[in-house]
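Everything below concerns the one structure shown next.
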Amino acid sequence: MTYFLYGLVVVLLGMVVYLIFGKKEKGLSDELKEIRKEMTQAREKNLETLQKQLTESGKIARDATTRIKDITSQLEKIHSDHQHVKDVKEQLGKLTDILANPKQRGILGEYFLETLLKNVFQPNQYKLQYKFKDGEIVDAVIFIKDKIVPIDSKFSLENYNKILEEKDPNRRKQLEKVLKQDLKNRIEETAKYIRPAEGTMDFAFMFIPSEGIYYDLLINQVGAVKISTYDLIEYAFKEKHVIVVSPTSFYAYLQTVLQGLRALQIEESAKDILIEVEKLSKHVLNYNDFMNKLGSHLGTTVSTYNKAHKELGKIVKDTAKLTQGKQKIEPRELEKPKNLEE
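Numbering follows numbering that gives the first Met the number 0, with no gaps: position 188 of the sequence shown is 187.
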């Protein structure tokens, strides 16, 4: 744009020089007017062109601003999504750390167990971290009348994960044996909480906090690896009286226990009613005995009264004989109580 103006000025100066020195026959005044006119026209044309360019530049700038705002908004959204993904990743990382730590994993399992119990029972119907006489502590117990049901949350995730990650078939078989032995140990640890001498039922629950792991055990499969674990579940139930449960199946068991508790409450209420009815029956019998005794006494009194009236009648007759029948008194007998006459 600047070069164009410079060129235009040079051309105009050339024309001025030409008009001054090349056209002497015209008057200087006319030439200057012509030059002024041409310069005015050139300036107006230049201003018009410049105005169009400025208008176009403004439009381009506005479009650019709008695009920049859109891009900025998209970048902010991407940043927000990225932050959300980052947060989820951090949470998953924390969860992985928890699952990798046996102690933390145990706490997580106990939390799941506590949540299930809270959703089903009243606070006085269960207890967490129940201590036996020898100091052994089970994760939770359920109180059923004068009995308790022990519940222990146990499962070693390390051996399970090792089988999932192992590619070598031979090594996998070895890990399967380790897993089965580990499960057997957990079953036996749970079975030690079955103590009828201390008021427990003759069975206990072994709670596995993972639905997926429990399902794998039922179908004899860990991931894509076929293993034999159902015999352990059968061993737990038949040999050790331990019922292996997952969150879902345990919830069903708890509902059954809850219905049993309600039935016991109804039974206790019925017993209380029978006791009160029995007490009332005794009171009625005592009252009946009292009424019989009272009736007997009343009967004796009436009989004595009637005999006295008969004697009085005899005296009246004797008196009438003496008075030659001028005075006559009729003795009146009393009726006995109806129950005595019957």
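All C-beta atoms, glycine included, are put in the ideal place defined by N, C-alpha and C.
Original post:
Near PHE142, what residues of its chain come up, given a Cβ to Cβ distance below 6 angstroms and the 5 sequence neighbours on each side ignored?
Top reply: GLN124
Original post:
For the beta strand (DSSP E) that TYR192 lies in, which residues bound it at each end?
Top reply: Careful: TYR192 lies outside any beta strand (DSSP E) and carries neither H nor E.
Original post:
Counting pairs of beta carbons, one from the segment 196-204 and one from the segment 157-168, are three or more of them closer than 8 angstroms?
Top reply: no
Original post:
Under the three-state reduction of DSSP, which class applies to GLN121: helix, strand or coil?
Top reply: coil
**OP:** Ignore the nearest five residues each way along the sequence and tell me which others in PRO195's own chain have a CB closer than 8 angstroms to its CB.
**Re:** ASP201
Subject >> Host beta strand (DSSP E) of LYS146 (start-end) >> reply: 146-152
Original post:
Pairing CB atoms from the segment 140-159 with CB atoms from the segment 112-124, are three or more of them under 8 angstroms?
Top reply: yes
**OP:** Could you tell me the distance, in whole angstroms, from the CA atom of ALA60 to the CA atom of THR54?
**Re:** 10 angstroms
**OP:** Buried or exposed for ALA307, please, with buried defined as at least 16 other CB atoms from any protein chain shown within 10 angstroms of its CB.
**Re:** exposed
Original post:
Is ALA223 helix, strand or coil when you go by DSSP?
Top reply: Any reading at ALA223 must be qualified, since the residue scores a pLDDT of 44, below 50, and its modelled position is unreliable; the value itself is stated next. The answer is coil: DSSP assigns ALA223 none of H, G, I, E or B.
Subject >> Nearest neighbour of LEU253, chosen from THR64, ARG35, PHE120 and LEU46 [CA to CA] >> reply: PHE120
Subject >> Whole-angstrom distance between LYS32 and THR39, CA atom to CA atom >> reply: 10 angstroms
**OP:** Would you mind stating whether ASP138 and LEU156 have Cβ atoms separated by less than 8 angstroms?
**Re:** no
**OP:** Apply the 10 Å Cβ neighbour rule to LEU182 and answer buried if 16 or more other Cβ atoms are within range, or exposed otherwise.
**Re:** buried
Original post:
Would you call LYS132 buried or exposed, if buried means 16 or more other Cβ atoms sit within 10 Å of its Cβ?
Top reply: exposed
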